[in-house]
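In what follows, a single structure is set out as structure tokens and then discussed.
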Amino acid sequence: MTLTSPNRGYPLERLEGNAGSMSWWSSAFGRVAGSLGELRTATQAATELPGVGAAIIAARADAQEVVGAIAGEIAEAELLAGVMQRYADAFATSAEQANSLIDDVESAHAVWQSAAGQAEQAGLAALWTSRSGEADEVRQANDDARDAVAARDAAQRDLAELWAQYEALYTSWDEAYDAALAELAAGAGSTLTSESRSLLDQLLAADSPAEVLALWLAHPELHSEIEAAHPDIIGNLDGIPYDVRARVNAERLAQLYEADLPGELGDQIDALWNTLAHGPPPPQLISFDPDGSDQVTAAFAYGDLGTATDINVLVPGMNSNVAGMGEWGETARALNSAGPGLATVVWFGYDSPSEIEEPSMDRAHDGAAALRSFLLGIDAVHPAAETAVIAHSYGSTTAALAIGSQPDALGVDQFIAVGSAGFPSDPQVLSNLQNAEGLQMYATLSENDAWARIGRDTSWGGAHGTVPETLPGVTEFGSDGGYAADGQHLTPTGGHSAHGGGNGPLPSADGDGYLVEGSESLYNIGQIVVTGEPGTEMDGAGSERGFWDLPDWLRWLPVDPYRT
């Protein structure tokens, strides 16, 4: 159940974190600072070497340089240790207690809802009895109505008290979180002026991208200083205009590319650099975090977001990472060609799951928080543009959780799921998706897609087992081959892949991925974005029968992976 607090508008959701783990890291940073201190002491001795020869003088100079460098590292380690421990203490005393109230608030809310319904029914019964009942019946009905109203009011007071406790704890955590961000942003050697420091603190403490945008636009004289000092923050802060983010992110990427980093990180940096250089015109790097928890995260914008009337957001699924940005960029360009005024964002903004992690909702919860902020940022910076989210595989699970987190669907106008691993089964998320004003939903599943079917059926506890194609309010469209309006033959999707490949060791068919230009799937997506309707009929002319539409293959599964 997703609820919102009545006074402050806080979401009733678990605040993620582990005070014990944070304390351990604080101690670890403290130990690093101590060890570096000992190294500095030992190195300091070398600065006092006796003698006047060139070798001695050079050694003293080298030692002095090392001492200076170590001093900065010690300060950074001490800063991290202190910030981490202070936040860990605050998390334990506020966030953990707020988390412990979630079940109580949900239960009290359910009791209040039930009591409110009973009070309404009792009131109607008393009104009806007063018109035609005997005096004793009228008295009894009135007494019942008073009792029901009293029970409702008592339940409302109990709920209000719990909400007050939750809001107080949430506020305490929120303030501690903002303070930790501000302290980290200040760093051990910050040179920001007091005015810029104040603005940065306000930006980090802002509760929404709209508030970030308002603060940023109100202080143009401070932009250059903050961008230069903290490009990592400005390049990823939702609400900052995208041209600003693109500029600072491109500069950061160039520095890392020139450093020629080894290993997987270097490969991902190279892939992003090659994507950024590909055009014309080249895309804009509107978010970039090389220090993500597991993998580099980034988002490229194709087309002009500033003038676009329609903005598409592509969300990848299982086993995706920025090394595959290039083929997703081709999809973005193909979508933009579907009509005028289109711009498309390729959003690799979360750590995608592996096959082992896919049954869990953990990656979806983390990714949904990031995607929710990103979509709110688009709505704040470009409120007049219509927004379509096009999500593949586990990306649709993540996107459904994000879009369905609020009754207004975060301002999204179209949600298109391809080869979905299943929508979250949370009743409130599904209700928000189905009842959000202005949101239209679409879904397709290739008859050759094995992994999507398996993903829906193997989610732990059915956590993302909801089949989108038959969800009320969802328009299903084809991906099994057909013909475009101009007679062009459209290829079927041969497996689960968004681009190349099929189903791995499982049976697949010939054909393109869901998001390859010339496929029925991508053709329909383009038509949906432009017209609101798919461009082909389900199972129409040119559609091919697929391996996984045979009815007997997976009867041993506890649910029907095709249609539920």
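Be aware that the sequence shown starts at 16, since it is given in my numbering, and climbs by one per residue. Built from N, CA and C at the ideal position, the CB exists for glycine as well.
Simplified DSSP state of residue i, which is helix, strand or coil
{"i": "Y498", "result": "strand"}
{"i": "D285", "result": "helix"}
{"i": "H407", "result": "strand"}
{"i": "M340", "result": "helix"}
{"i": "A43", "result": "helix"}
{"i": "N450", "result": "helix"}
{"i": "H124", "result": "helix"}
{"i": "H380", "result": "helix"}
{"i": "P522", "result": "Caution is warranted here: a pLDDT of 48 is assigned to P522, below 50, making its placement in the model unreliable, and the coordinate value is therefore given only provisionally. Coil at P522, not helix or strand."}
{"i": "I371", "result": "coil"}
{"i": "T481", "result": "strand"}
{"i": "F492", "result": "coil"}
{"i": "A358", "result": "strand"}
{"i": "T6", "result": "With the chain running from 16 to 579 in the structure shown, residue 6 is simply not present."}
{"i": "D173", "result": "helix"}
{"i": "L530", "result": "coil"}
{"i": "A432", "result": "strand"}
{"i": "V427", "result": "coil"}
{"i": "D253", "result": "strand"}
{"i": "L30", "result": "coil"}
{"i": "N157", "result": "helix"}
{"i": "T412", "result": "helix"}
{"i": "L402", "result": "Checking the displayed sequence, the identity of residue 402 turns out to be Thr instead of Leu. It is a strand residue."}
Assigned exposure category for residue i - 16 Cβ within 10 Å defines buried
{"i": "S115", "result": "exposed"}
{"i": "F539", "result": "The question names Phe, yet the displayed sequence has Asn at residue 539. Classification of N539: buried, given that the 10 Å Cβ count is 16 or more."}
{"i": "P522", "result": "Reliability of the predicted coordinates at P522 is poor, the pLDDT of 48 falling under 50, and no value is obtained from them."}
{"i": "N450", "result": "exposed"}
{"i": "H479", "result": "buried"}
{"i": "L142", "result": "exposed"}
{"i": "Q421", "result": "buried"}
{"i": "N22", "result": "exposed"}
{"i": "H407", "result": "buried"}
{"i": "A176", "result": "Looking at the sequence shown, residue 176 is not Ala but Glu. That one is exposed."}
{"i": "W343", "result": "buried"}
{"i": "E559", "result": "buried"}
{"i": "G254", "result": "buried"}
{"i": "T208", "result": "exposed"}
{"i": "A395", "result": "buried"}
{"i": "E279", "result": "exposed"}
From the options, residue whose alpha carbon lies closest to that of residue i
{"i": "E345", "options": "D554, F315, T324", "result": "F315"}
{"i": "D554", "options": "A243, D495, S440, A200", "result": "D495"}
{"i": "S446", "options": "N336, D119, P483", "result": "P483"}
{"i": "E370", "options": "H511, A225, G470", "result": "G470"}
{"i": "N33", "options": "S42, A107, Y25", "result": "A107"}
{"i": "S187", "options": "L232, Q155, A134, D104", "result": "D104"}
{"i": "L95", "options": "L184, S209, S38", "result": "S38"}
{"i": "P507", "options": "A500, H514, S534, D119", "result": "S534"}
{"i": "A48", "options": "G97, E28, P26", "result": "G97"}
{"i": "Y192", "options": "D119, Y102, S213", "result": "Y102"}
{"i": "S109", "options": "P256, P224, L320, L30", "result": "L30"}
{"i": "L537", "options": "L390, H514, G318", "result": "H514"}
{"i": "A160", "options": "S145, T412, D275", "result": "S145"}
{"i": "G502", "options": "V396, V361, Q443, T551", "result": "T551"}
{"i": "A580", "options": "D216, G148, G318", "result": "The structure shown does not extend to residue 580, since the chain is modelled only from 16 through 579, so no value can be given for it."}
{"i": "E28", "options": "L184, A358, S461, V153", "result": "L184"}
{"i": "D464", "options": "D527, A269, G52", "result": "D527"}
{"i": "G557", "options": "H504, R212, E548, W178", "result": "H504"}
{"i": "S20", "options": "Q100, I89, E149, A113", "result": "A113"}
For residue i, the first and last residue of its enclosing beta strand (DSSP E)
{"i": "D304", "result": "299-304"}
{"i": "H235", "result": "Looking at the sequence shown, residue 235 is not His but Pro. P235 -> no beta strand (DSSP E), and no H or E assigned at all."}
{"i": "P507", "result": "504-507"}
{"i": "A458", "result": "455-459"}
The alpha helix (DSSP H) enclosing residue i, as first and last residue numbers
{"i": "W475", "result": "No alpha helix (DSSP H) contains W475, which DSSP labels as neither H nor E."}
{"i": "T546", "result": "535-546"}
{"i": "I249", "result": "246-249"}
{"i": "A261", "result": "257-273"}
{"i": "A313", "result": "No alpha helix (DSSP H) contains A313, which is instead part of the beta strand (DSSP E) from 312-317."}
{"i": "Q217", "result": "209-220"}
**Item:** Stretch-stretch touch, CB-based, cutoff 8 Å, three pairs: the region 529-544 with the region 490-503
**Value:** yes
**Request:** Could you tell me whether the region 280-288 touches the region 332-345, where touching means 3 or more Cβ pairs closer than 8 Å?
**Result:** yes
**Prompt:** If you pair each beta-carbon of the region 457-477 with each one of the region 422-437, do three or more pairs fall below 8 Å?
**Reply:** yes
**Prompt:** For the region 261-278 against the region 233-248, are there 3 or more C-beta pairs whose distance is under 8 Å?
**Reply:** yes
**Message:** Would the region 376-393 count as touching the region 356-366 if we require 3 or more Cβ pairs under 8 Å?
**Reply:** yes
**Prompt:** Given 8 Å as the limit, is there contact between the region 194-201 and the region 214-233, that is, 3 or more CB pairs closer than that?
**Reply:** yes
**Item:** Stretch pair the region 174-190 + the region 131-138: three plus CB contacts closer than 8 Å
**Value:** No, because fewer than three Cβ pairs between the region 174-190 and the region 131-138 fall closer than 8 Å, the two stretches do not touch.
**Request:** May I ask you to verify whether the region 386-405 touches the region 322-330, counting CB pairs closer than 8 Å and requiring at least 3?
**Result:** yes
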